[in-house]
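Engineer: Please read through the structure below; I'll follow up with questions.
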Amino acid sequence: IYVLFFLICTPKKYDLRIGTISHVTVDATKDIVDEVTTEDKRNAASDLVEPTYRFQQGIKEEVLISLSEAFQELRKIQQYGLTLRSDDKTNVHNQPYSEEEIDYAISLVDILTLNRNQLTTLMRVDTDAFEEMVSTVTTAVANSLNETIREGQVSQAIMTIQQIVGYKLDVSLTQNIIPTVLRTCIKPNMIIDQDATNEARQKARESVEPVIYLQGQNIIREGDRINLSQLELLRNLGMLNDNT
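Take the sequence shown: its letters are residues 1 to 244, numbered as in this note's numbering.
What follows is the structure in structure tokens.
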């Protein structure tokens, strides 16, 4: 009697693997939570929650100070270029510079990282064009920071500023100099509040009801391609032969 009772109560075990086709239909022997599917649904709900942002005080002032310092470095290079210009005013934009002159220009840079082509561009630009760049970019950046620049969206803000100033400035400056300046100086004024974001995502996870298979419900139907959640359900029910 004991042996018969044991055989009746012991669930049948199945030799199944992920990705194979089942040749049997298997039902749940009791109510059970589909942990894999439930976790997938909770992760999906969490991922849909947008980050929570908070305003960062003082960013506009910090960025404008950084921008001013960067332009001051560039101004030193531009002014140095003026001292090296030949008397031929028609050849200013093709003014050649020696390796020693370029190396000295590099020594004037600390905040920014500029290549030799960028340095040459600065050394060839006239003072009016340079100061117009400073004024136009500073105004555009200040206006941009009056709006929201979110963490993770700095690149979009930089592209917008470049489009605004690009209509007014020399193309050599908009292509060679301004992108480097903006990437160095621009910071978001709305940063992600990680604690609030995590709390909102946790609430989203908790709002997802567990996926439950009721006793007698099909876990696997004949002809199904076996997936991870089905296999884990059988394992949790003691119906999987783990020696396979």
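Backbone N, C-alpha and C define an ideal beta-carbon position, used for all residues, glycine too.
So, do the segment 193-200 and the segment 51-58 have three or more beta carbon pairs nearer to each other than 8 Å?
Structural biologist: yes
Engineer: Starting from the Cα of proline 96, find the closest Cα among Ile111, Ala200 and Val125 and give me that residue.
Structural biologist: In terms of Cα proximity to proline 96, the closest of Ile111, Ala200 and Val125 is Val125.
Engineer: So, for isoleucine 111: in the same chain, excluding its five sequence neighbours on each side, which residues have a beta-carbon less than 7 Å away from its beta-carbon?
Structural biologist: Glu69, Ala70, Glu73 and Thr184
Engineer: Suppose you measure from the CA of glycine 166 to the CA of leucine 145; what does that come to, to the nearest Å?
Structural biologist: 18 Å
Engineer: Does the pairing of the segment 200-208 with the segment 159-177 give three or more beta-carbon distances under 8 Å?
Structural biologist: no
Engineer: Grab the span of the alpha helix (DSSP H) containing isoleucine 192 for me, first residue to last.
Structural biologist: Element bounds for isoleucine 192: not the alpha helix (DSSP H) but the beta strand (DSSP E), 190-192.
Engineer: With a threshold of 16 other CB atoms inside 10 Å of the CB of glycine 81, please say whether the residue is buried or exposed.
Structural biologist: buried
Engineer: If alanine 45 and alanine 200 are in contact, beta carbons under 8 Å, what's the gap, nearest whole angstrom?
Structural biologist: Actually they are not in contact, since the Cβ atoms of alanine 45 and alanine 200 sit about 11 Å apart, beyond 8 Å.
Engineer: Mapping DSSP to helix, strand and coil, what is threonine 90?
Structural biologist: Note that threonine 90 scores 49 on pLDDT, short of 50, meaning its location in the model is unreliable; the coordinates nonetheless yield the value given after this. The answer is helix: DSSP assigns threonine 90 an H, G or I state.
Engineer: My guess is that alanine 140 and leucine 64 are in contact by the Cβ rule of under 8 Å, so how many angstroms apart are they, rounded?
Structural biologist: Not really, about 12 Å apart at Cβ, beyond 8 Å.
Engineer: Considering only the beta carbon of each residue, do isoleucine 177 and glutamine 118 sit closer than 8 Å?
Structural biologist: yes
Engineer: Any idea which residues DSSP pairs leucine 240 with across the strands?
Structural biologist: Per DSSP, Tyr14.
Engineer: So glutamine 230 and aspartate 27 are supposed to be a Cβ contact under 8 Å. How far apart are they, rounded?
Structural biologist: That pair is no contact at about 12 Å.
Engineer: Roughly how many angstroms lie between the CA atoms of methionine 159 and arginine 85, to the nearest whole one?
Structural biologist: 33 Å
Engineer: Are the CB atoms of lysine 76 and leucine 108 within a distance shorter than 8 Å?
Structural biologist: yes
Engineer: What residues in its chain sit with their C-beta under 6 Å from that of aspartate 128, if we drop five residues either side in the sequence?
Structural biologist: Closer than 6 Å at the Cβ level, and outside the excluded window around aspartate 128, lies no residue.
Engineer: Could you pull the start and end residues of the alpha helix (DSSP H) that isoleucine 149 belongs to?
Structural biologist: Taken as a continuous stretch (DSSP letters only), isoleucine 149 belongs to no alpha helix (DSSP H), as it is neither H nor E.
Engineer: Could you check the C-alpha separation between asparagine 227 and glutamine 153 for me, to the nearest Å?
Structural biologist: 38 Å
Engineer: Counting C-beta neighbours from all protein chains within 10 Å, is the total for valine 137 16 or more, i.e. buried, or is it exposed?
Structural biologist: buried
Engineer: Among Ser98, Ile186 and Lys30, which one has its Cα closest to the Cα of glycine 238?
Structural biologist: Lys30
Engineer: Based on the DSSP secondary-structure assignment, which residues constitute the bridge partners of arginine 54?
Structural biologist: The partner list for arginine 54 (beta bridge, DSSP) reads Ile191.
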